[in-house]
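The sequence shown begins at 993 in our numbering and counts up by one. As structure tokens, the structure follows; a few thoughts come after it.
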Amino acid sequence: TPRSAPASSAVAPLPTTIPATTTTTTSVPAPDAPDANAGEGAATVNGESIPVDISRLDNAFVVSGGGISATISGLSPDGTRISLDADGSLRLEESDRIVVEAAGYEPDEDIEVWMFSTPRLLGTVTADSSGRFSNNFDLPASIEAGAHRLVLKGNTKTGQDIVLSLGINFGAATSTNTVTRWLIIVPVSIAVLIGLLIPTALRRRRDDESTATA
């Protein structure tokens, strides 16, 4: 299926350079990551949920909350950015990578990048002196097709613990997705049509009755 979708222009253009891949084998405790459906974002600060803003630009997601702004996109094996899918979500496949560019973190501190639902640490990166980082990460081996979350865990510039989630998909889109959308669209369309026809029929019937009694 085509890997394409419309994108908005809510933020500044992204850098065009792609950094080197980062991987890790370090075993560390997984964060308590907030749930997020595909194409949606969520975040917690010190364990408490906070509002997030999410936008799409140039086939990337920009997720902002708690002073953190993260731009997340997919990278194909040939080095090109992956288009968002027909639902406007990031859909990755085997051999793709995830690119993360973020700002607002505590300077010179580590940020963990995870893949959920089964927690897997993709890598740990260190923010620069301004609290920024940019890197890309290989996907875990044997990841199952379906809904997943990319999760960032670090500290804000004020030293608060922040965990940010973005819902993504893995695996090629199936025809089931299209069938499901039609199962929703068709009944709604029929209901709207009935809603338009019934008042017209009632008015016509009243007009006929009025003509007959005149």
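Beta carbons: idealized from backbone N, C-alpha and C, even for Gly.
- Between GLY1033 and VAL1054, the C-beta gap is not smaller than 7 Å, which leaves the two residues out of contact.
- Annotation for THR1118: the continuous beta strand (DSSP E) segment containing it runs 1112-1118.
- THR1118 and VAL1105 have their C-alpha atoms roughly 11 Å apart.
- Within the same chain, Cβ atoms closer than 6 Å to the Cβ of ASN1029 are found at GLY1159, the five residues on either side in sequence being excluded.
- Only exposed fits ALA1164, as fewer than 16 other CB atoms lie within 10 angstroms of its CB.
- Taking the Cα positions, GLU1101 is about 23 Å away from ARG1089.
- Residue pairing from DSSP places ARG1073 in a beta bridge opposite LEU1067.
- Unbroken beta strand (DSSP E) runs of no fewer than 3 residues, entirely contained in the segment 1088-1160, are found at 1089-1095, 1102-1108, 1112-1118, 1125-1130 and 1138-1147, following chain order.
- Burial of ILE1060 is indicated by the presence of at least 16 other C-beta atoms within 10 angstroms of its C-beta.
- The way I'd put it, the segment 1068-1075 doesn't touch the segment 1122-1142; fewer than three beta-carbon pairs between them come closer than 8 Å.
- For the 7 Å CB-CB criterion, LYS1149 and PRO1023 do not form a contact.
- Inclusion of ALA1035 and VAL1044 in the CB contact set at 7 Å is warranted, their separation being smaller than that value.
- For the options ILE1190, GLU1093 and MET1107, the alpha carbon positioned closest to that of ARG1141 is the one of MET1107.
- Where ALA1034 is concerned, the enclosing beta strand (DSSP E) starts and stops at 1033-1037.
- Annotation: the continuous beta strand (DSSP E) that includes GLY1057 extends over 1052-1057.
- Pairing ILE1064 with PRO1021, the inter-Cα distance amounts to about 23 Å.
- Residue burial is scored here from C-beta neighbours: GLU1093 has at least 16 other C-beta atoms within 10 angstroms and is therefore classed as buried.
- By the neighbour-count criterion, in which a residue is buried when 16 or more other Cβ atoms sit within 10 angstroms of its Cβ, GLY1138 is exposed.
- GLY1151 counts as exposed, since fewer than 16 other C-beta atoms from the protein chains shown sit within 10 angstroms of its C-beta.
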